[in-house]
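Counting from 1, position 133 in the sequence shown corresponds to residue 132 in numbering that gives the first Met the number 0; the numbering is continuous, with no gaps.
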Amino acid sequence: MMIVNFEIKGGEVIREIEMSTTSTILELKRSIECEMLKDVETIAHYGFHSAVGVHLMIMPKPEKEFFVVLKSLRPVANVKVKETNTVFDLKMKIQKLWGIETKNITLFRLFKEMEDDILLCAYYVYEGLEVEVEIAINKLLEIILLTS
Numbered sequence: 000m001m002i003v004n005f006e007i008k009g010g011e012v013i014r015e016i017e018m019s020t021t022s023t024i025l026e027l028k029r030s031i032e033c034e035m036l037k038d039v040e041t042i043a044h045y046g047f048h049s050a051v052g053v054h055l056m057i058m059p060k061p062e063k064e065f066f067v068v069l070k071s072l073r074p075v076a077n078v079k080v081k082e083t084n085t086v087f088d089l090k091m092k093i094q095k096l097w098g099i100e101t102k103n104i105t106l107f108r109l110f111k112e113m114e115d116d117i118l119l120c121a122y123y124v125y126e127g128l129e130v131e132v133e134i135a136i137n138k139l140l141e142i143i144l145l146t147s
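(1) Taking the continuous alpha helix (DSSP H) assigned at residue 93, which residues delimit it?
(2) Residues in the same chain with beta-carbon distance under 8 Å from residue 26, minus the five sequence neighbours each way, listed in chain order, please.
(3) Specify the secondary structure class of residue 117 as computed by DSSP and reduced to three states.
(4) Using the Cα positions of residue 79 and residue 111, report the straight-line distance between them to the nearest angstrom.
(5) Would residue 107 and residue 130 be called neighbours here (beta carbons separated by less than 8 Å)?
(6) Tell me whether residue 27 sits in a helix, a strand or coil according to DSSP, three-state version.
(7) Do the segment 83 to 103 and the segment 114 to 133 make contact, defined as three or more Cβ pairs closer than 8 Å?
(8) For residue 122 and residue 100, what's the separation of their Cα atoms in angstroms?
(9) Measure the C-alpha to C-alpha separation of residue 104 and residue 117 and round it to an integer number of angstroms.
(10) Who are the near neighbours of residue 63 in its chain, counting only those whose CB is closer than 7 Å to its CB and skipping five residues on each side?
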């Protein structure tokens, strides 16, 4: 049985899924929650080969909103964001909430620094995740966990 590895790229985050070429597209979609390929076709039907791989793109839903819970030494705070918000948008919300300038805030997801102009969905930011916030104040770093 031939196995194919699929890379799902979003921002700096890369997720891999290993599937048999006899698996259906529906089985692949269940693994990645995608809806663009025909369910009844097999991976082999589309000509995906183990050496080639496939790059899949995330299509955010602009109306999808969720809360990010900011946890730190400060009181817990909820911040509402959308999948289509940028990393900088989240920094702006943190600035308004805590009065910390965005230039002093660095966000990380899965140990990768998040870039300001990238959409949150590209870093798989959704309910139930953890984002690390590094705040530089007077050359001191404060690590805060954001969870939703």
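Positions of the beta carbon are idealized from the N, C-alpha and C atoms, including for glycine. None of the values given here were measured: they were computed from a predicted structure.
This is what the structure gives:
(1) First-last of the alpha helix (DSSP H) with residue 93: 86 to 97.
(2) So the list reads 18, once near-sequence residues are dropped.
(3) Here residue 117 sits in coil by DSSP.
(4) Each residue's Cα considered, the two are about 22 Å apart.
(5) Taking 8 Å as the Cβ cut-off, residue 107 and residue 130 qualify as a contacting pair.
(6) In the structure shown, the three-state DSSP call for residue 27 is helix.
(7) With a cut-off of 8 Å, the segment 114 to 133 and the segment 83 to 103 count as touching, because enough Cβ pairs lie within range.
(8) Going from the Cα of residue 122 to the Cα of residue 100 covers about 22 Å.
(9) Their Cα atoms are separated by approximately 15 Å.
(10) Here the set comprises 81 and 82.
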